[in-house]
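Residue numbers for the sequence shown follow the numbering used here, so the first one is 45 and each next one is one higher. In this text, a Cβ means the ideal position worked out from N, Cα and C, and glycines have one as well.
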Amino acid sequence: MATALKYLRGYPANLLQQVSLLLEQGRLGDYLQQRYPEQHGVQSDKALYAYAMQIKQEYLRNAPGLDKVLYDSKLDVVKHALGLHTAVSRVQGGNLRAKKEIRIAAVFREAAPQFLNMIVVHELAHLREFEHNKTFYKLCEHMLPGYQQLEFDLRVWLTWRSSAQQ
45 MATALKYLRG YPANLLQQVS LLLEQGRLGD YLQQRYPEQH GVQSDKALYA YAMQIKQEYL
105 RNAPGLDKVL YDSKLDVVKH ALGLHTAVSR VQGGNLRAKK EIRIAAVFRE AAPQFLNMIV
165 VHELAHLREF EHNKTFYKLC EHMLPGYQQL EFDLRVWLTW RSSAQQ
């Protein structure tokens, strides 16, 4: 069962038991559908960029700009469960320019709007705080109250999705 719960490593045993039980009973998908019945409408890279910029403008006006925000079909969801933020440095003339990018795994095109919001907030928070530390999670919670519950539920959704594909 440990492999089935690979997205939930580090969570308390009682939560893992509850998820395992729902999974074994074939009720995890129903639980998630009841809790998150909608799918978001942000399907194109252009729409995703606009969506991320709107959140950035509201909460992180003074943070560095974003050059690109896109869905990436090559992102390995196990290694990068949420997405990837990068700063690509290039020499332009005599200057060194850093391009900031956010890449979100393409699988999240099918996610609930709350999950997409959580992923974008997570990646945007890295513009201010690189490490996953207390300050980082405090910023995520400020931008999206209930962030930690949504992150857990997203990981449950990934667990259900991967078990349904087996």
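Segment limits, beta strand (DSSP E) that includes residue i
i: Leu110; result: Run containing Leu110: none; DSSP gives neither H nor E here.
Rounded C-alpha distance that separates residue i from residue j
i: Asp197; j: Arg53; result: 13 Å
i: Pro81; j: Ala156; result: 7 Å
i: Arg79; j: Lys90; result: 28 Å
i: Leu119; j: Val164; result: 15 Å
i: Ala149; j: Pro189; result: 23 Å
i: Gly85; j: Lys100; result: 19 Å
i: Arg105; j: Asn177; result: 21 Å
i: Tyr55; j: Gln98; result: 32 Å
i: Phe159; j: Asn139; result: 38 Å
i: Val200; j: Asn58; result: 14 Å
i: Leu194; j: Ala94; result: 22 Å
i: His124; j: Asp74; result: Annotation note: pLDDT 48 at His124 (below 50); position unreliable, no value reported.
i: Gln87; j: Asp116; result: 12 Å
i: Leu92; j: Asn161; result: 10 Å
i: Leu168; j: Gln83; result: 21 Å
i: Tyr252; j: Leu171; result: The structure shown has nothing for residue 252, since the chain only spans 45 to 210.
i: Arg175; j: Glu185; result: Looking at the sequence itself, residue 175 is Glu, so the reference to Arg does not match. Cα to Cα, Glu175 sits roughly 15 Å from Glu185.
Integer-rounded CB distance, given that residue j should sit under 8 Å from residue i
i: Leu114; j: Arg147; result: 6 Å
i: Leu49; j: Ser64; result: 7 Å
i: Glu154; j: Lys112; result: Going by Cβ atoms, the distance from Glu154 to Lys112 rounds to 22 Å, so no, they are not a contact pair.
i: Leu72; j: Trp204; result: 5 Å
Continuous alpha helix (DSSP H) stretch holding residue i: start and end
i: Gly73; result: Leu72 to Arg79
i: Pro189; result: Looking at the DSSP string, Pro189 is not in any alpha helix (DSSP H), and its letter there is neither H nor E.
i: Ser117; result: Here Ser117 belongs to no alpha helix (DSSP H), and DSSP marks it neither H nor E.
i: Ala169; result: Pro157 to Ala169
i: Ser88; result: Run containing Ser88: none; DSSP gives neither H nor E here.
i: Gln38; result: Residue coverage of the chain in this structure runs from 45 to 210, which leaves residue 38 outside it and unanswerable.
Residue i versus the options, residue with shortest Cα-Cα distance
i: Ser207; options: Ala57, Asn58, Gly70 and Gln62; result: Gly70
i: Met187; options: Ala96, Lys118, Ala150 and Ser117; result: Ala96
i: Tyr103; options: Trp201, Leu194, Leu183 and Glu195; result: Leu183
i: Leu202; options: Phe152, Lys112 and Ala57; result: Phe152
i: Lys143; options: His166, Tyr51 and Pro108; result: Pro108
i: Gln192; options: Leu67, His166 and Glu68; result: His166
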